[in-house]
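Numbering (full-length UniProt numbering), first residue to last: 1 to 327. Glycine included, every Cβ here is placed at the ideal spot set by N, Cα and C. First up is the structure itself, then whatever we jot down about it.
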């Protein structure tokens with residue numbers, strides 16, 4: 001790399017972890033703003049045009065929905081530029097084969113995919129008041145990609161700061177159960193995205209009880225998105241129980257300060273998320289409560305990734321003895 005993109009190696013080494021953490025925090029904010037777009041129904045603020053907005057680069061005399069949607073596109077574009085900068089600095093600061101390089105490249109790829117999924121939603125008209133079942137599927141894919149993006153940025157920040165690389169194979173039952181936990185959390189998030197969409201489109205504004213709402217979700221005239229709304233709370237209970245057990249298991253198999261700390265954080269966020277979920281149902285999913293619920297979900301996912309990372313990089317003597325013959 002040369003010219004204006006060249007950064008002195010010493011300075012790049014200082015800025016790399018700062019830039020990686022900044023990218024992670026910035027993308028969390030972008031994700032929350034994306035939720036505001038959904039909650040306000042502003043997804044069609046730029047019509048069915050993408051990447052242009054209403055057929056032009058900069059919309060003229062925009063409505064409020066256009067402002068919200070266009071600003072989300074601008075912030076998403078900025079996250080892509082930030083990811084490019086992260087790649088440039090990573091390739092300048094660390095040698096070939098360093099995991100921070102891989103993390104930066106993967107993060108950029110996931111940001112591109114994030115933009116493409118959003119573009120597909122717009123071009124297919126799966127925004128605003130659309131009740132097409134395909135919208136639920138795309139929402140789930142969008143959320144899964146979001147989770148993976150945040151995980152990639154988190155690991156990049158850790159590696160940029162000198163944390164050890166990650167070995168996925170030959171981790172025994174610790175690895176196997178950890179991957180199950182991550183998978184469950186990913187599926188739970190996807191189900192939550194569908195439920196949030198169902199709340200936006202179909203949640204009655206009257207005084208219906210939760211039981212009456214469930215009955216309406218399974219009425220003959222109910223859509224697939226309505227049918228799937230009940231999956232998220234059921235899966236939340238199952239996943240929460242598993243993650244509590246996983247924390248206990250990892251504390252026993254990979255004892256260490258990191259595992260102790262992050263398992264406690266996971267448990268605390270699980271408790272907060274359960275309270276938020278109950279409040280979300282009780283209050284009929286107001287916009288601000290949906291944002292709190294999403295923020296806690298993002299925090300829980302990142303805490304779980306940290307817990308698994310600390311467990312997989314903290315192979316104990318007891319763990320080494322158990323690796324052979326296990327998963």
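Strand pairing of residue i, partner residues [DSSP]
i          : result
residue 46 : Bridge partners of residue 46: none, in fact.
residue 56 : 53
Proximal residues to residue i (C-beta, below 6 angstroms), its chain only, five neighbours per side dropped
i           : result
residue 159 : 99, 100 and 103
residue 195 : 229 and 232
residue 43  : 37, 127 and 128
residue 54  : 46 and 47
residue 51  : none
residue 8   : Only weak support is given to the placement of residue 8: the predicted model assigns it a pLDDT of 49, under 50, and the value that follows is read from those uncertain coordinates. Answer for residue 8: no residue qualifies.
residue 171 : 312
Alpha helix (DSSP H) segment containing residue i, residue limits
i           : result
residue 128 : Run containing residue 128: none; DSSP gives neither H nor E here.
residue 97  : Careful: residue 97 lies outside any alpha helix (DSSP H) and carries neither H nor E.
residue 193 : 172-202
residue 269 : 257-282
residue 233 : 231-253
residue 311 : 287-312
residue 228 : 224-228
Cβ shell of residue i (< 8 angstroms), same chain only, five flanking positions each side left out
i           : result
residue 175 : 168, 169, 312 and 327
residue 291 : 32, 35, 36 and 39
residue 142 : 114, 117, 118, 121 and 193
residue 14  : none
residue 69  : 37, 42, 43, 44, 45, 46 and 53
Residue i vs residue j beta-carbon contact at 8 angstroms
i           : j           : result
residue 23  : residue 82  : yes
residue 71  : residue 30  : no
residue 191 : residue 235 : yes
residue 307 : residue 250 : yes
residue 200 : residue 38  : yes
residue 173 : residue 85  : no
residue 260 : residue 300 : no
residue 241 : residue 265 : no
residue 182 : residue 309 : no
residue 56  : residue 133 : no
residue 297 : residue 136 : no
residue 256 : residue 198 : no
residue 203 : residue 93  : no
residue 107 : residue 166 : no
residue 186 : residue 145 : no
residue 246 : residue 177 : yes
residue 262 : residue 244 : no
residue 87  : residue 105 : yes
Close beta carbons around residue i, own chain, < 7 angstroms, minus the five adjacent residues each side
i           : result
residue 17  : 157, 160 and 161
residue 151 : 305
residue 48  : 122, 123 and 125
residue 294 : 32 and 35
residue 279 : 289
residue 26  : 79 and 82
residue 184 : 239 and 242
residue 139 : 193, 194 and 197
residue 153 : 20, 23, 24, 27 and 107
residue 147 : 186, 189 and 301
residue 287 : 39
Residue-level contact to chain D via CB, residue i, 8 angstroms cutoff
i           : result
residue 281 : The chain labelled as chain D is not found in the depicted structure, where only one protein chain is given.
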